[in-house]
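Chains as they are written, first to last, in my numbering: chain A, 1 to 141; chain B, 142 to 335; chain C, 336 to 795; chain D, 796 to 896.
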């Protein structure tokens, strides 16, 4: 390999390139943040939805399910469970767990109150109305 | 560091530091993929792209091409002068190159201001997404290039470069020519070709 | 071992291996739950097992990184560690906090745990990989700061090599980006957006600096290639990693409510992400081929080369498979994601930690290399774990392709659970591959206890 | 630094000032050509081919002379020119595909 290859130059290019691409990421992040309200359904982000998100988190739902495709892959996608099943089915389903069917995957009983169930459903409704660029491909998630 | 010490003047030599050439290859790859993706996406939305392309200011695009080419020429002159052993005399050439690059930035800012004023953003349409993404990605390269030219200017002014020490100035020059090179495709692709 | 304070690395490495064993035990349990759904229910539901599995992975890798730093920073900077006592204290704090957290997961209801640990003051729990209680998260920050203080002070008083600088940059980045785990807005899209600033900017950003620095350190030691050469290439490789990986974050912003342009930015830049991994593989093989000495520790060389190849396959190739937005539209959140996750973590981070352990452990135990017999056992464990991981990945990929086909591509899409039943054969095969992996891990642990004539340490 | 007096052997990779100026003039002329095509609003396969050929020609001058890869080890100009050729022809292909649609 003819020509020069110095550690100092390689270092400068590393720092320059890193700063450059990090700034680019920040620039895109700024644009995303300013335009996020167009897609994030924040108009419907009520205190009840936030309370529902808290239920979602403190029951570690993400440990089995996916939400908008992120989470574990053990149980169904719930980003669109609201249009798939509707509010009453969701509440009844959560209340009737676990099924106890031998050999089948089991969901724990969380003993949620009616209020908590409503909050959780509100959160799932809000989530289903986020503009996720037409994902998932169909209602089965 | 056996730099240019051989007696044979005809030996092939990569100008500048090898490290910048890896960086340049990565950049060319990124730009190349971006260009090709643009072209194939356009093939599916020809009417949209043709219509919105007309809203771009071709003349400022052409002016910017001239500015970048001229700036590149000045950098070549700076390298030639430094190579001849006159580091300090390279400084004005680099200053001129910087001025042209800064001119590019100014023209581009006017162009962006006009588009943003018209309410156009990355999310307006596929065409504007590409127009803004590609030109902004390139725009940031111009800014980085200007920082590098300023550093080279400082080096030249303090007499750092000469036939025995061309690595810094050649490395910066190679990067700047790359910024020019991708614009040579970007301009006809996004502003002109229909 | 050239500096006595390097010996603080020893407990870190032992803890790492111990937690690794725990991680695999829970991995096997989950593998079984995939096919025998009510296994261990309701004592250890899947979500608890998974949380333990992934959190143990993160914690033992962090133990590995810290141990690696305590081992290589004194040697690189040519000075004793600033405070070995602080390092040992942090070891115990981190181990006890980590163990308490895992026990909390296992024996306390997650909601109760959240209430007990201040989640109502600042809600940070219940997000994938960041399930740790607030107290644990704060503990991690404190341990990380004390660790970074210790390492940075060591470096300030010693020689500043490229390897130590890159290692330190990576570790500082790790600590800084972890701070985003404290940001959990009610807006789910924002939550997810910045969640990736921890997860992606860790594993496809700053962790790659740590990994490259660790690999470069071992390569210098086992090949004897000139430091200048290795350090220049180190810079080039990490430049490529960050140039592609930073904007590559966009491949997580396709379907979570973020603007559509991320599909383009994310696809284009993450499509280039295999390049640094490929460069790392070429680099590792190149350096070994140009070696100037025959290091007695053959096993360490094998782990190092394995890191290059498996990181390229797992992170590079399997990442590329589903990184383009039109493909990811169908594969997002399927078993293909799981396949990629397994091989990428194993190839890049598990192997690099095992590489440094393989190199440093004999030295910490007062010998240049283990006995021939011990090394043979260790190399067997490499092949058992690596090959079984390849099969785990292949079976999950097959499961994923079938899942995507039945549930998402087909004109008559099937419900999730029905599809899971259809692909259970692949889950069974994955489980058996996992059993082989566990056998490999037992072999690995056993290799530390194999007797035989070890190579004596010759102090230069 | 002193040694530089006694070593005028530095292989000049960067041509002469005149050559650089002539190339600059050619590049500007080519840019004007592209701009004129745009102002006239010409379109079609021939125009696409013309514009991509102009871009390729300009790129070649930059790569070989300004970047000074003409005197670099053969691999480098080949990679750069290969990139240019590949990108220009892929773009041409995509435009041709756009015509058919």
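Glycine included, each C-beta is placed from N, C-alpha and C at the ideal position.
- Annotation for residue 106/A: 98 place their beta carbon closer than 6 Å to its own, counting only its chain and skipping 5 residues before and after.
- Within the model, the alpha-carbon separation for residue 576/C versus residue 310/B is close to 26 Å.
- For residue 93/A, no chain C residue has a Cβ inside 8 Å of its Cβ, as the nearest lies near 12 Å away.
- For residue 618/C, there are no C-beta contacts with chain B under 9 Å, since the nearest C-beta of that chain is about 12 Å from it.
- Annotation for residue 405/C: 343, 344 and 422 place their beta carbon closer than 6 Å to its own, counting only its chain and skipping 5 residues before and after.
- Residue state for residue 67/A is assigned as strand, using DSSP reduced to three classes.
- Straight-line measurement puts the Cα of residue 243/B at about 11 Å from the Cα of residue 291/B.
- Among the CB atoms of chain B, none fall inside 8 Å of the CB of residue 877/D.
- Looking at the DSSP output, residue 158/B bridges to 4/A.
- Within chain B, the residues placing a beta-carbon under 9 Å from that of residue 38/A are 264, ordered along the chain.
- Under the three-state reduction of DSSP output, residue 454/C falls in the coil class, being neither helix nor strand.
- Our two residues, residue 643/C and residue 101/A, have alpha carbons roughly 46 Å apart in a direct line.
- At least one CB atom of chain A sits nearer than 8 Å to the CB of residue 595/C.
- For the segment 223-241 of chain B, no residue has a beta-carbon sitting nearer than 8 Å to a beta-carbon of chain C.
- The C-beta distance from residue 572/C to residue 635/C rounds to 20 Å, too long to meet the 8 Å contact threshold.
- Under the three-state reduction of DSSP output, residue 306/B falls in the strand class.
- Residue 230/B is not a Cβ neighbour of residue 812/D, given a cutoff of 8 Å.
- No Cβ-Cβ contact shorter than 8 Å links residue 500/C with residue 552/C.
- Taking every protein chain shown into account, the CB of residue 835/D has fewer than 16 other CB atoms within 10 angstroms, so this residue is exposed.
- When CB distances to chain A are screened at a threshold of 9 Å, the residues of the segment 150-164 of chain B falling below it are 152, 153, 154, 155, 156, 157, 158, 159, 160, 161, 162, 163 and 164, in chain order.
- The DSSP assignment places no complete beta strand (DSSP E) segment of no fewer than 3 residues inside the segment 265-312 of chain B.
- Every alpha helix (DSSP H) stretch that sits fully inside the segment 530-606 of chain C and reaches 4 residues is listed by chain position as 542-558, 562-583 and 597-606.
- Scanning its chain for C-beta atoms nearer than 8 Å, with the 5 sequence neighbours on each side dropped, one finds around residue 191/B the residues 335, in chain order.
- Going by beta carbons, residue 728/C and residue 638/C fall outside the 8 Å limit.
- In this chain, the alpha helix (DSSP H) harbouring residue 835/D covers 812-835.
- Burial state of residue 556/C is buried, judged by a 10 Å Cβ sphere holding 16 or more other Cβ atoms.
- Under DSSP, residue 790/C forms a beta bridge with 704/C.
- With respect to residue 439/C, residue 409/C sits apart: the two C-beta atoms are not nearer than 8 Å.
- Counting the other CB atoms within 10 Å of its CB gives residue 602/C a total of 16 or more, which places it among the buried residues.
- Distance between residue 787/C and residue 698/C, taken at the CA atoms: about 16 Å.
- Under the Cβ distance rule, residue 170/B counts among the residues neighbouring chain C, one pair being separated by less than 8 Å.
- Within the same chain, 832 come within 8 Å of residue 845/D by CB-CB distance, once the 5 residues on both sides are set aside.
- The beta carbon of residue 185/B sits no closer than 8 Å to any beta carbon of chain A.
- The shortest CA-to-CA distance from residue 286/B to any of 17/A, 59/A, 109/A and 27/A is the one to 17/A.
- About 7 Å separates the beta carbons of residue 441/C and residue 383/C, which is inside the 8 Å limit, making them a contact pair.
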